[in-house]
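Input: a single structure, listed below in structure tokens.
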Amino acid sequence: MKPLYVAFLWHMHQPYYKDLLSNKLLMPWVRLHGIKDYYDMVAILEEFPNIHQTFNLVPSLISQIEDYVNNTATDIFLDLTIKPAKDLANEEKIFILKNFFMVNWDTMIKIHPRYADLLEKRGYYFSEKELAREHKNFTTQDFLDLQVWFNLAWFDPVFLNTDSALKELATKGKNYKEKDKEIVIQKQREVLSKIVLEYKKLSDIGQIELTTSPFYHPILPLLCDTNIAKVSQPNLNIDDLKFSHPEDAQSQVKKAISFHKEHFGIEPKGMWPSEGSVSDSIVPILAKAGIKWIATDEEILFRSISQSKLQGYPLYKPYRIVKDGNKLDIIFRDHNLSDAIGFVYSKWDPNVASEHFISKLREIRNNVAGEQNEHLVCIALDGENAWEYYKNDGRDFLMSLYSKLNNNPEFKLVTVSEFLNAVPYRDTLTQLFPGSWINSNFHIWIGHHEDQQAWRYLKETRDALVEYEKTQKNEKSKLAWEEIYIAEGSDWCWWFGDDHSSANDEEFDSLYRKHLMNVYEFLDLDIPAQLFVPILEEKVISPTLMPAGLINPIIDGGISNFYEWSSAGFYDVSKIGGTMHRAETITKGIYYGFNLDMLFLRIDTNLKLSDKFMQDFVFEINFVEPVVQKLRLKIPSEKEQSCQFCFFRLVNDVWQDIENSSIHCAIKKIIEIKIPFAALLVKPEDKIRILLSIKKGDDEIERWPLKGVIDVLVPTVEYEAIMWHV
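Residues 472 to 1197 (the numbering used here) make up the sequence shown, in order.
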């Protein structure tokens, strides 16, 4: 049997956090991922010379790294690290307590005793009001130790174990001095300064291939024509915002290629289009710029080829598409294998995970053995975001995987260009279905009212710049164009709409509008009033799953069987954060469903409900429409046999305690609730709007949905017949 070719494509990207007017970065993730992921992900390959890989380096990421190294750039988090702990103002202390634990608690805090103690002292779950009171309980030494640990814990374990200065600080553990912070920040800049050099070193010897993305990570098909989104979503109502500027797409690509050549000495042959977003219209743009190949998700392939070509194993080979005489090779990632690394294996033993991964590769090799031609499996995913969920920053898994692959004759690890040079394309595509690597559409970036508002503001600002340049062009207008290109990046609309949410939603909204405001600032024009108003708005959050039928679960605080909640709606808290860092949550998910007479609710938590400190919290189910009422539940103690709850209704602006004998609650492993529709004073076809609030005293600790409410439509007697028909 011939070896199976395997190409890893690691995509390295962060949003563009820099404000060109202040030259300050709003958030610290470029700096912190720089010391945790970008260097060691490529340096580890020096131990495995037979493993060749492809790294996609987004220019705007490298640009920000260089700002830290060469231009002594700072961010708000860095400023508050450098500031002497004794001089911190109260609002700065609150900011630190809120944000300096924004790492994975299990893998990056709890392994360091002093850092873990500070987290426990602050409290795992808190409110802004609580921090305003409790920050006074933290000493100057507490804040100094926290300043050090937030920055120290982000270093890849390799540095903490091998760099003598960092190792000494980690061993010391507490009672740091101000000079210790200086060492940590100096070491951060040292690591950041090595990143580009390490990639160039392995690229020069041919072990890795370096590729690029459009400079500020825009969705190229949408820049060319926003109406392309309607191919996959015909009912999308976006005709009024019509943004069509292929010249911007060309500029973003040309700028990226020039930047890449300047830093690595050669032009890139390949490109990972931002978010794997492709369409026919981008083929001539990329081909004319010198790009030879691109990669995207397998679903794009399956929607681009006819059923007759789905025989055999179409995923594991390269294709060529030709548009207007311009040709481009294209490969497609194995979605499941890529996601296994990104989202699954972090919870597994590293050796078991690596064996499982190789067994899947072996299955593919056996399946394609009967075909004559060589086959390529493409594994493409983010190169930084997964590792904080792995123990030891993923190094144990990667070492185990690479050691099993390095000298394995069953597999040949190649760069994409190595394979394409040796094995030319065998099939052509007559069309490239327009979509991204997420659901093979563009919904996340233009499917919501907030997204569309952002596009309108972008169009109006760009139009103002074009109008300005009709009479004058200067250095200011050049800077204004840079801001337009930044605002075209995909990251802003990632956080608009109801697909994703994070602790930094407001900051992303503010920074996006700031980039547009800067255009007017650079041109000495009045800033439109609308740009001072947040784009984010209250809205109904779409659940992960909608109810699919009537349910009748047993209310016992446990999962009696899988099927009792299988037809319920589900709001998955863990999914809404996307890839941004956020603190852990009490709530894991909310199930909701009904029969003709009852509303059923189930709350799953990330914590054991039997933990003693859970008794400090009150779970409050708020019904905001059509009748304002709430159900308050308290976690029972060991001595209490059943959960304590009470039911209130707002009558004439006064909360009245309502008799609740018909309501049933149970709290053991999960929280389960049964409420008659009659008790809620609702009738069939009424819309009940619900939100969950978790409180500690009078302070709200969590609210789900983060924005808006969950809608439940009271069923009619025809409900089951309607659902069966659907």
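The beta-carbon is built from N, C-alpha and C at its ideal position, and this holds for glycine as well. All values derive from a computational prediction rather than experimental measurement.
- request: Ignore the nearest five residues each way along the sequence and tell me which others in Leu1078's own chain have a CB closer than 7 Å to its CB.
  value: Mapped onto the sequence shown, residue 1078 falls at position 607. Closer than 7 Å at Cβ, skipping near neighbours: Ile1057 and Met1085.
query: Is His606 helix, strand or coil when you go by DSSP?
result: For this step, residue 606 is matched to residue 135 along the sequence shown. His606: helix per DSSP, three-state reduction.
Whether Ile1172 touches Phe1090 by CB criterion (8 Å): For this step, residue 1172 is matched to residue 701 along the sequence shown. For this step, residue 1090 is matched to residue 619 along the sequence shown. One thing to note: Ile1172 has its Cβ no nearer than 8 Å to the Cβ of Phe1090.
query: Does at least one heavy atom of the ligand ZN sit under 7 Å from the Cβ of Pro895?
result: As presented, the structure is devoid of all ligands, the ligand ZN included, so that no description of it is given.
message: Excluding the 5 residues flanking His1052 on each side, which residues of the same chain have their C-beta closer than 6 Å to its C-beta?
response: Taking the sequence shown and counting its residues from 1, the one referred to as residue 1052 is at position 581. At His1052 the pLDDT is 47, less than 50, meaning the model places this residue with poor confidence; the figure from the coordinates comes in the next sentence. Contacts found: Met573.
message: Quick check: the Cα distance between Met870 and Leu516, rounded to an integer number of angstroms?
response: Position 399 of the sequence shown, counted from the start, is the residue given in the question as residue 870. Position 45 of the sequence shown, counted from the start, is the residue given in the question as residue 516. Met870 and Leu516 have their C-alpha atoms spaced approximately 9 Å apart.
query: Does the distance from the CB of Leu884 to the CB of Asn521 come in under 8 Å?
result: In the sequence shown, residue 884 corresponds to position 413, counting from 1. In the sequence shown, residue 521 corresponds to position 50, counting from 1. Yes, the Cβ-Cβ distance between Leu884 and Asn521 is below 8 Å.
task: Tell me, please, which residues DSSP counts as bridged to Thr1076.
output: In the sequence shown, counting from the first residue as 1, residue 1076 sits at position 605. Thr1076 pairs with Thr1058.
- prompt: Where DSSP assigns a beta bridge to Tyr596, which residues make up the other side?
  reply: To locate residue 596, count along the sequence shown from 1; it is residue 125. DSSP, once it has assigned bridges, lists no residue as partnering Tyr596.
- prompt: Out of curiosity, what's the CA-to-CA distance linking Leu712 and Pro905?
  reply: As a working mapping, residue 712 is identified with position 241 in the sequence shown. As a working mapping, residue 905 is identified with position 434 in the sequence shown. Each residue's alpha carbon lies about 19 Å from the other.
query: Can you tell me where the beta strand (DSSP E) with Ser1164 in it begins and where it stops?
result: In the sequence shown, the residue the question calls residue 1164 occupies position 693. Ser1164 -> beta strand (DSSP E) spans Lys1158 to Lys1167.
- prompt: Ordered along the chain, which non-local residues of its own chain (more than five positions away) have a Cβ less than 6 Å from that of Asp853?
  reply: Along the sequence shown, one-based indexing puts residue 853 at 382. Excluding positions up to five away in sequence, the list reads His482.
message: Can you give me the C-alpha to C-alpha distance between Gly761 and Gly736, rounded to a whole angstrom?
response: Translated into positions along the sequence shown, residue 761 becomes position 290. Translated into positions along the sequence shown, residue 736 becomes position 265. If I take the Cα positions, the gap works out to 15 Å.
- prompt: What residue from Ala603, Gly644 and Phe630 has the CA that sits closest to Leu615's CA?
  reply: Locating residue 615 in the sequence shown gives position 144, counting from the first residue. Here the closest residue by C-alpha is Gly644.
field: Ile553, buried or exposed, once every other Cβ within 10 Å from all chains shown has been counted against 16
entry: Indexing the sequence shown from 1 puts residue 553 at position 82. Taking a 10 Å sphere around the C-beta of Ile553, we find fewer than 16 other C-beta atoms and assign the residue as exposed.
- prompt: Mapping DSSP to helix, strand and coil, what is Arg1120?
  reply: Translated into the one-based positions of the sequence shown, residue 1120 becomes position 649. Here Arg1120 sits in strand by DSSP.
field: Reference Ile957; option with closest CA among Leu982, Asp970, Phe1065 and Thr942
entry: Position 486 of the sequence shown holds residue 957. The residue with the shortest Cα to Cα distance from Ile957 is Leu982.
query: According to DSSP, is Arg836 helix, strand or coil?
result: Your numbering for residue 836 matches position 365 in the sequence shown. Looking at Arg836 - three-state DSSP - the assignment turns out to be helix.
query: For His688 versus Ser745, is the C-beta distance shorter than 8 Å?
result: The residue given as residue 688 occupies position 217 in the sequence shown. The residue given as residue 745 occupies position 274 in the sequence shown. In this structure, Ser745 lies closer than 8 Å to His688 by Cβ.
- request: Pull up the distance between the alpha-carbon of Leu1072 and that of Ile728, whole angstroms please.
  value: Translated into the one-based positions of the sequence shown, residue 1072 becomes position 601. Translated into the one-based positions of the sequence shown, residue 728 becomes position 257. Straight through space, the alpha carbons of Ile728 and Leu1072 are spaced by roughly 53 Å.
- prompt: How many angstroms separate the CA atom of Asp980 from the CA atom of Gln924?
  reply: Looking up residue 980 in the sequence shown gives position 509. Looking up residue 924 in the sequence shown gives position 453. Near 12 Å, if we compare the C-alpha coordinates of Gln924 and Asp980.
field: Where Ile1025 falls, given that 16 or more other Cβ within 10 Å makes a residue buried
entry: Stepping through the sequence shown from its first residue, residue 1025 is reached at position 554. A residue is called buried once 16 or more other Cβ atoms fall within 10 Å of its Cβ, and Ile1025, having fewer, is exposed.
message: Please classify Gly1168 as buried or exposed, where buried requires at least 16 neighbouring CB atoms within 10 angstroms.
response: Along the sequence shown, one-based indexing puts residue 1168 at 697. So Gly1168 counts as exposed.
message: For a test of the three-state rule: what should DSSP assign to Arg774, helix, strand or coil?
response: Along the sequence shown, one-based indexing puts residue 774 at 303. Three-state DSSP puts Arg774 in coil, outside helix and strand.
query: Assuming Pro530 and His731 make a contact with CB atoms under 8 Å, what is their CB distance in whole Å?
result: Along the sequence shown, one-based indexing puts residue 530 at 59. Along the sequence shown, one-based indexing puts residue 731 at 260. Rounded, the Cβ-Cβ distance is 7 Å, consistent with contact.
- request: Under 7 Å Cβ to Cβ from Pro785, same chain only, skipping five residues before and after it: list those, please.
  value: As a first step, residue 785 must be located in the sequence shown, where it is residue number 314. For Pro785, where only same-chain residues beyond five positions count, the Cβ hits under 7 Å are Leu772 and Ile776.
field: Strand pairing of Cys1136, partner residues [DSSP]
entry: Working through the sequence shown from its first residue, we reach residue 1136 at position 665. Answer is Ile1144.
message: For Thr697, report the span of its beta strand (DSSP E) as first-last.
response: Numbered from 1 along the sequence shown, position 226 holds the residue referred to as residue 697. Segment: none, Thr697 is in no beta strand (DSSP E) and carries neither H nor E.
query: By Cβ distance, which residues of its chain are closer than 8 Å to Phe1116, with the 5 residues on each side in sequence left out?
result: By 1-based counting over the sequence shown, the position of residue 1116 is 645. If we look at Phe1116 and ignore the five residues flanking it on each side, its Cβ neighbours are Leu1102, Arg1103, Leu1104, Lys1105, Asn1131, Ile1134 and Cys1136.
Residues of its chain near Pro717, where Cβ-Cβ distance is below 6 Å and the 5 sequence neighbours each way are ignored: Start at 1 with the first residue of the sequence shown, and residue 717 comes out as number 246. Residues Cys695 of the same chain have their beta carbon placed closer than 6 Å to that of Pro717, with the five preceding and five following residues left out of the count.
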